[in-house]
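Each residue of the sequence shown is one higher than the last, beginning at 838 in the numbering used here. We put the CB at the ideal spot given by N, CA and C, even for glycine. Notes follow the structure.
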Amino acid sequence: MRVGLIADTHMPGSIGSLWPQVHEAFRSVDCILHAGDLHVGEVIDELETLAPTFVCAGNGDYGVSHPKLKEVWLGSLAGVQVGLVHKFPTPRRADASRLQRQLDRVFAAGDPKVVIYGHTHRAEMHRVEGRLYVNPGSPTLPNNQSTRHGTIGLLEISESAVSVELHQIHDDGLSLIERHD
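Set out below in structure tokens:
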């Protein structure tokens, strides 16, 4: 199963619609996970034209109304439990016990093996005690403001493995930043 990962689109303030490169990358996915800060529900509608989309609310989504927008999302994708939340401690700054306390608080109903989060606009991924934490960054307002385009992620889930790629968006396509198997 291929899953598109996106966060912090901040539309229409950042740009009017998603970059064509995002559309191209997500055309081949089975579903899309958006980790919040959409600012308008139309972002969900745009992504839904590409694949079924699951979305959690970000700190900038007050007043946004859409039936797909949830505070957090927890689901099983190809047999792997995946959690989606906007604001989460960054694994590079938090120890394993703090991460576990936050997991217990946010995902009380489950135990995700993959956590997708946003908020920092910084594309990064970490594996801590067997759990994969992924922030796809932002396609429209990257943490590194020297680039016009931002980042997205692609998650691949099979019966035996979970892998994730982070990609930088360029005028002519995407380039791989990092991959974890």
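Within the segment 859-918, the complete beta strand (DSSP E) segments of 3 residues or longer fall at 868-871, 890-893 and 910-914, listed in chain order. Rounded to whole angstroms, the Cβ separation of residue 869 and residue 888 is 5 Å, and the two are in contact under 8 Å. For residue 922, no beta strand (DSSP E) segment is defined, and its DSSP state is neither H nor E. In this structure, DSSP gives residue 973 an extended state, which the three-state scheme calls strand.
Per the Cβ contact rule, the segment 867-886 is in contact with the segment 894-911 (3 or more Cβ pairs under 8 Å). Taking C-beta atoms under 8 Å as the contact rule, residue 939 and residue 926 qualify, at a distance of about 6 Å. In this structure, the alpha-carbon of residue 922 lies about 12 Å from that of residue 973.
Around the C-beta of residue 988, 16 or more other C-beta atoms lie within 10 Å, and the residue is accordingly described as buried.
Residue 912 and residue 1008 have their C-alpha atoms roughly 34 Å apart. Membership of residue 960 in any alpha helix (DSSP H) is not indicated; the residue belongs instead to the beta strand (DSSP E) covering 960-965. Around the Cβ of residue 898, a 10 Å sphere holds 16 or more other Cβ atoms; the residue is buried. Residue state for residue 1000 is assigned as strand, using DSSP reduced to three classes. Between residue 976 and residue 855, the gap from beta carbon to beta carbon is short of 9 Å. Boundaries of the alpha helix (DSSP H) harbouring residue 938: 933-943, taken from the DSSP string. Residue 1016 is bridged by DSSP to 1002.
One alpha carbon belongs to residue 1001, the other to residue 924, and they sit about 20 Å apart. The criterion of a C-beta distance shorter than 9 Å is not satisfied by residue 860 and residue 892. For residue 841, the enclosing beta strand (DSSP E) stretches over residues 839-843. Around the CB of residue 979, 16 or more other CB atoms lie within 10 Å, so the residue is classed as buried.
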